[in-house]
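The next block holds one structure in the form of structure tokens; read it before the comments.
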Ligand code: ADP
Ligand code: MG
């Protein structure tokens, strides 16, 4: 088994039953014995050093069941540690992911075989394995899988002893001496602890048994000096408590305007949302009618009209709770003028290509941006920006309510919007930094500058009204599935049979589709550019893969199969399927990948392609393939013609016409019929026995690499299928392309090892190309 997600298998019923958000971990021992006595009393009989030594002992005792964490070790080391510890069923350890920052990996043993499962961080301290339920805190995830296998090949048993997991990954932790001095408002002792004891500083952001950090406790106490002292010692101002809110939310709950000010000055993010309700601190202050906090925050330039998960602004909330002073304040507040002017970044009606070119010419640094009017939607502005080398285009909607991006705050003008995103990331990939100035000033046509027309929303329309009315301390936890909406993740469906899969398909009515120019030719019809209107009447540019009438009998089944494969996939390196038009003509509606196929790009723009580009694409293709592997899909048609470029910086795998799910018990798919077989890209076992596996995809990946480094040459030149097979059987392989570095050629040769067991895995390939970036 090479898959990193070996055999994760759960039914939807099991998934629905799982609800593991707010319970406390039974393995975590509660309060230590000294808790009823104040620290000053304890220190009458003990020196501080002795007390800390005792506490350290307690920490070890407390963490006895949690020491399954091994830090950043490789998969090989993990396998070695499991082996050394007896390799018995259920033996496990947790390590930090080497490929995805913020993720972890669970390595376990089943029937003597090590298996590895990515623990995906889905925001803050929420973690999830595959399609399993999300858990608040790694400790709760592990505890759950100890009780039941719930989709894993075995429930977790004994662990290989390592250390305690990082404090920020745990929902609840242990009450530390720092928590204790904070609760007791003992400023002097806090000073001494922080000054003289490095361990205390190391765990400054740890949550206690109730889920609070020392900073949050200090805020709740309204103790300005303690808050300042903790911040001076680099307490993280934005850490969330176990209930999902920040210190700034706490200050707003308790009506401490000066502490609000201090926190914001020290970097508190006023756009931080509660993970299910979407409340930012201003919502919290508005609900409680804490006008001083509202005033303070508005004066510090936080957005006035952020929206929660129910689309309510703080104004709506204040009205609902009859907090008249607060709602008046929110309505009448006159914000200072924005610090930016449209003359710095507005370019008028321009397309995406122009925007990317301008930003690149302007240096293309992280956060560079411009605003333009869309060429195909005259009343829509688009923010084009670059982050981490990738280009993004965000539509700026201009509803009566105001200018906004997606579910972000409303603004009264484009300039206020830009001003905000220059200060806060607030859902964008990064803050806006350097504006890209137009060569001549373009007038801003729709230059509205009136406050958004925000009427109060009737309470019964607001889905969460009842829930919010109940809350006392902060926004409440709701069902686990809701967490996905704010992290922008759909709950995945892990059904496997064809009939069930059809349920997942988004069927699109043909009247919501406008067909445009041809983008390319597919086997069963042309691929067109098009426009799709979504449920909200919003229009999107899409690609339409059509099934021509003459292919209906042969193509329809293939087409639907392709749709079934794709509808379950969601990854930046995979072309997204948006839905299917049943037609006629039947169409697969896909995300538009504007720069077309990598093969064409290599042939047409060979002299613009650098080695860095090739390595990045290779990394992205291996990332996408690793993701497919985790979903247990073999692609069967990896080739440069089936890699598309959305920008020069983003390659995506497409064409799932040949892809198949592997059976749960095996890791290869056996093809029973012939059909179009791209033999030159196929591994020997695929050609001879119709066996397809992740390892045969690795072979094709090698050929794709060869195409890339030879700038789109035809592999094996004019040789025909049978000759290619003989060539390979004789032990020959494709030659090293001229500009290909030796190490990349060696990677190709490894991908073309005759025995599939000897080929590298996609995980290894990802690591190799990542390291070379
Ligand atoms: P086939 O399965 O018949 O090979 P593909 O899915 O590979 O069809 O599509 C054929 C061609 O159409 C591609 O090479 C590419 O040029 C174009 N194309 C396909 N999908 C998209 C898309 N999502 N965005 C832009 N162009 C696309
Ligand atoms: Mg194709």
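Numbering (our numbering), first residue to last: 1027 to 1799.
Glycine included, each C-beta is placed from N, C-alpha and C at the ideal position.
Roughly how far, in whole angstroms, is the beta-carbon of residue i from the beta-carbon of residue j, given that I think they are within contact range, below 8 angstroms?
i: residue 1374; j: residue 1468; result: 4 angstroms
i: residue 1710; j: residue 1663; result: Actually they do not touch by this definition, with Cβ atoms about 17 angstroms apart.
i: residue 1094; j: residue 1199; result: 15 angstroms between Cβ atoms; not a contact.
i: residue 1646; j: residue 1677; result: 4 angstroms
i: residue 1393; j: residue 1411; result: 7 angstroms
Per DSSP, what kind of secondary structure is residue i in: helix, strand or coil?
i: residue 1605; result: strand
i: residue 1350; result: helix
i: residue 1147; result: strand
i: residue 1525; result: Only weak support is given to the placement of residue 1525: the predicted model assigns it a pLDDT of 28, under 50, and the question is left unresolved by the model.
i: residue 1466; result: coil
i: residue 1219; result: helix
i: residue 1668; result: helix
i: residue 1089; result: helix
i: residue 1712; result: helix
i: residue 1552; result: strand
i: residue 1252; result: helix
i: residue 1073; result: coil
i: residue 1341; result: helix
i: residue 1640; result: helix
i: residue 1331; result: strand
i: residue 1133; result: strand
i: residue 1620; result: coil
i: residue 1798; result: coil
i: residue 1206; result: helix
i: residue 1234; result: coil
i: residue 1402; result: coil
i: residue 1084; result: helix
i: residue 1784; result: helix
i: residue 1355; result: helix
i: residue 1740; result: coil
Between which two residues does the alpha helix (DSSP H) holding residue i run?
i: residue 1734; result: 1720 to 1735
i: residue 1379; result: 1378 to 1387
i: residue 1317; result: 1317 to 1325
i: residue 1436; result: Element bounds for residue 1436: n/a, residue is neither H nor E.
i: residue 1395; result: Where residue 1395 is concerned, there is no enclosing alpha helix (DSSP H), although the beta strand (DSSP E) it sits in stretches over 1395 to 1399.
i: residue 1774; result: 1768 to 1777
i: residue 1313; result: 1307 to 1313
With a threshold of 8 angstroms between beta-carbons, can residue i be considered close to chain B, or not?
i: residue 1089; result: In the structure shown, chain B does not exist; there is a single protein chain.
Beta-carbon separation of residue i and residue j under 8 angstroms?
i: residue 1351; j: residue 1315; result: yes
i: residue 1802; j: residue 1435; result: Summary: the structure shown does not reach residue 1802, with the chain confined to residues 1027 through 1799, and so no result is reported for it.
i: residue 1742; j: residue 1706; result: yes
i: residue 1165; j: residue 1197; result: yes
i: residue 1606; j: residue 1632; result: no
i: residue 1298; j: residue 1264; result: yes
i: residue 1223; j: residue 1245; result: no
i: residue 1407; j: residue 1382; result: no
i: residue 1131; j: residue 1143; result: yes
i: residue 1568; j: residue 1551; result: no
i: residue 1124; j: residue 1100; result: yes
i: residue 1461; j: residue 1396; result: yes
i: residue 1599; j: residue 1650; result: yes
i: residue 1230; j: residue 1190; result: no
i: residue 1234; j: residue 1258; result: no
i: residue 1619; j: residue 1558; result: no
i: residue 1278; j: residue 1311; result: yes
i: residue 1603; j: residue 1657; result: no
i: residue 1111; j: residue 1186; result: yes
i: residue 1331; j: residue 1441; result: no
i: residue 1096; j: residue 1135; result: no
i: residue 1213; j: residue 1260; result: no
Taking residue i as part of the beta strand (DSSP E), name the residues at either end of that continuous run.
i: residue 1566; result: 1565 to 1572
i: residue 1155; result: 1152 to 1155
i: residue 1754; result: It is not in any beta strand (DSSP E) - residue 1754 instead sits in the alpha helix (DSSP H) that spans 1747 to 1755.
i: residue 1679; result: 1676 to 1679
i: residue 1429; result: 1428 to 1430
i: residue 1413; result: 1407 to 1413
i: residue 1545; result: 1539 to 1547
Can you find a heavy atom of the ligand SAM that lies under 7 angstroms from the Cβ of residue i?
i: residue 1594; result: The model on display carries the ligand ADP and the ligand MG but not the ligand SAM.
Fill in: Residue list, Cβ distance to the ligand ADP heavy atoms smaller than 7 angstroms
1545, 1546, 1547, 1548, 1549, 1550, 1553, 1569, 1571, 1601, 1616, 1617, 1618, 1619, 1620, 1622, 1623, 1626, 1667, 1668, 1670, 1680, 1681, 1683
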